[in-house]
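In UniProt numbering, the protein residues as written are 1 to 344.
The C-beta atom is built at its ideal place from N, Cα and C for all residues, glycine as well.
What follows is a short report on a single structure.
Structure follows, in C-alpha cells:
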C-alpha cells in the first residue's frame with residue numbers, strides 16, 4: 001500500500017520532495033499527534049509548520065527569572081485522557097491548581113469573597129435563574145450527538161440562533177445574563193452574539209457539561225503541566241525529528257493530479273498521496289485549493305474566526321493574598337474579566 005502524507009500546520013527553481021508516506025499541515029498538538037501515529041504504523045509523514053516553533057495555541061516561554069509561563073492553552077482536567085496519556089508517555093508531570101482559599105467576585109465597586117466555581121447569589125429569583133440556565137444548557141446539549149451535532153432534532157433552529165438570543169430567551173434576571181455572558185467569554189474568548197447556540201452547546205457537552213467546563217477541582221481547570229504545556233508538542237517534534245519542517249507556511253494544495261501537491265511560500269513542493277490539514281478552519285483562508293473547496297465549506301471557514309483574548313502575566317515576590325485567606329482569583333461582574341493567581 002502506497003500512502004503519502006504531509007502534515008500541514010499553517011498556511012504555511014523549486015525544490016520537490018515526494019514523501020513515502022503522508023503530509024500533515026500543522027505542528028499543533030493535533031497535527032503532531034497525527035504524524036506520531038502514522039510513524040508508529042510504519043509510514044513516513046512530513047509535518048509542515050508555518051512558524052519557527054511547534055505547539056500551535058500552546059506556547060510556553062522560559063527564562064531564568066520566571067522559569068516558565070504558558071502564554072497559550074495551559075489547563076487540563078478529568079476526561080482529557082489523550083493529552084494525559086501523552087504526558088505520561090513523555091514523563092511530563094502535572095500539578096493541581098490551588099483552590100483552598102477564597103476567590104473574589106467584584107461587582108459594582110464591591111468585593112465579595114466566595115468559594116467554589118460560581119459566585120454566590122443572594123437574590124432567590126436570580127438563584128433560580130442561574131440554576132435554570134445551567135440545567136437548560138445541559139438539557140439542550142444532551143440532545144446533540146457528539147459525532148454529528150448537525151443531526152440534533154433542533155440543529156437548524158439552534159444553529160441560526162446566537163448564544164445571546166438564547167440567553168435573552170431563557171434568562172429572567174440581569175445578573176444571570178451577565179454571568180452567562182462571562183461564561184461564553186471565558187470558555188471560547190468570544191461574545192455571545194458571535195457564537196452559534198448549536199456549536200457552543202455542543203462544545204460545552206464535549207467538555208463534560210456546564211459544571212465541569214467551568215470548575216477547577218474535577219473540572220477543566222484542575223491541573224497544569226510542570227514546566228509548561230508546550231512540552232508535549234516539543235517532545236513529539238523531537239521524536240519525529242527532521243520530518244518536522246519549520247517556517248514552511250503552505251499556501252497551495254493541488255489535488256488535480258495522481259498525487260496531492262503542496263507548495264510552501266519558500267518555494268518548496270511536497271507530493272503526497274494524502275494530506276492532513278490540522279489547522280483551525282479560519283486559517284484555510286490563507287491557502288489556495290485546486291479544485292476549490294465545496295461552497296458550503298467555504299462559507300463555513302468565513303464564519304468561524306479565531307477568538308480574541310489578552311492574557312497578561314504579573315509576578316510577585318510573595319503570595320501575600322494567602323495571608324489574607326484569598327486564593328488570588330477575581331471574577332469581574334461587569335467587564336467580563338477573570339483574574340487568576342496560578343502558583344507553582
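- Could you tell me whether the Cβ atoms of residue 152 and residue 139 are closer together than 7 angstroms? no
- Query: With DSSP run on the structure shown, which of helix, strand or coil describes residue 346?
  - Reply: With the chain running from 1 to 344 in the structure shown, residue 346 is simply not present.
Review point. Can you pull the DSSP bridge partners for residue 290?
Key: Beta-bridge pairing by DSSP links residue 290 to 254.
Taking the beta strand (DSSP E) that residue 103 falls in, what are its first and last residues?
102–107
I'd like to know whether the C-beta atoms of residue 193 and residue 164 end up nearer to each other than 7 angstroms. Yes, they are a contact pair.
**Study point:** Buried or exposed (CB count within 10 angstroms, at least 16 for buried), residue 335
**Key:** With a pLDDT of only 45 at residue 335, under the threshold of 50, the placement of this residue in the model should not be trusted; the figure read from the coordinates follows. Using a 10 angstroms sphere on the CB of residue 335, the tally of other CB atoms stays under 16, which defines it as exposed.
| said: So, for residue 290: in the same chain, excluding its five sequence neighbours on each side, which residues have a beta-carbon less than 8 angstroms away from its beta-carbon? | reply: 252, 253, 254, 255 and 256
| task | Pick helix, strand or coil for residue 225, following the three-state DSSP scheme. | result | strand
Strictly by DSSP, which residues pair up with residue 62? 68
**Prompt:** Ordered along the chain, which non-local residues of its own chain (more than five positions away) have a Cβ less than 6 angstroms from that of residue 111?
**Reply:** 104
| query | When the Cα atoms are used, what is the spatial distance from residue 181 to residue 303? | reply | 20 angstroms
In whole angstroms, what is the alpha-carbon distance linking residue 49 and residue 226? 25 angstroms
Report task. Grab the span of the beta strand (DSSP E) containing residue 272 for me, first residue to last. Result -> 268–272
Practice problem: My understanding is that residue 141 touches residue 188, with C-beta atoms under 8 angstroms, so please give their C-beta distance in whole angstroms. | Solution: 14 angstroms between Cβ atoms; not a contact.
- Thinking just about the alpha-carbon of each residue, which of 76, 235, 78 and 276 is nearest to the one in residue 53? For the options 76, 235, 78 and 276, the alpha carbon positioned closest to that of residue 53 is the one of 235.
Exercise for the section: Along the beta strand (DSSP E) that carries residue 96, what are the first and last residues, could you check? Expected result: 94–96
Look at the alpha carbon of residue 146 and the alpha carbon of residue 208, and state the distance between them as a whole number of angstroms. So the two alpha carbons sit approximately 11 angstroms from each other.
- Query: Buried or exposed: where does residue 13 fall if 16 or more other Cβ atoms within 10 Å of its Cβ makes it buried?
  - Reply: Caution is warranted here: a pLDDT of 34 is assigned to residue 13, below 50, making its placement in the model unreliable, and no coordinate value can be reported.
- Query: Can you list, in chain order, the residues of its chain whose CB lies under 7 angstroms from that of residue 127, leaving out five sequence neighbours each side?
  - Reply: 121
Classification of residue 167 by the beta-carbon crowding that lies within 10 angstroms, buried from 16 upward:
buried
Any idea what DSSP makes of residue 162, helix, strand or coil? strand
Report task. Report the three-state DSSP secondary structure of residue 173 (helix, strand or coil). Result -> coil
Margin query: Quick check on the burial criterion: 16 or more other C-beta atoms within 10 angstroms. Buried or exposed for residue 32?
Written below: buried
query = Would you call residue 137 buried or exposed, if buried means 16 or more other Cβ atoms sit within 10 Å of its Cβ?
reply = buried
Residue 310 - DSSP class collapsed to helix/strand/coil
coil
Task: Three-pair Cβ contact test at 8 angstroms for the segment 71–85 versus the segment 317–324 - done: No: the two stretches stay apart, fewer than three of their Cβ pairs being nearer than 8 angstroms.
| request: Just mark residue 150 as buried or exposed, buried being the case when its beta carbon has 16 or more other beta carbons within 10 Å. | output: Flag for residue 150 reads exposed.
Cα-Cα separation between residue 284 and residue 263, rounded to whole angstroms = 14 angstroms
At the level of alpha carbons, what is the spacing between residue 294 and residue 287? 14 angstroms
### Query
Does DSSP put residue 149 in a helix, in a strand, or in coil?
helix
> Taking the C-alpha atoms as reference points, what is the distance between residue 113 and residue 98?
Replying inline: 16 angstroms
Check your understanding: If we count the other Cβ atoms within 10 Å of its Cβ and call it buried at 16 or more, is residue 200 buried or exposed?
Key -> Burial call: buried.
Quick check on DSSP: helix, strand or coil for residue 276? strand
query = Hey, would you say residue 171 sits closer than 7 angstroms to residue 178, going by beta carbons?
reply = no
- Query: According to DSSP, is residue 39 helix, strand or coil?
  - Reply: Under the three-state reduction of DSSP output, residue 39 falls in the helix class.
#### Entry: Residue range of the unbroken beta strand (DSSP E) whose run includes residue 262
Element bounds for residue 262: 260–264.
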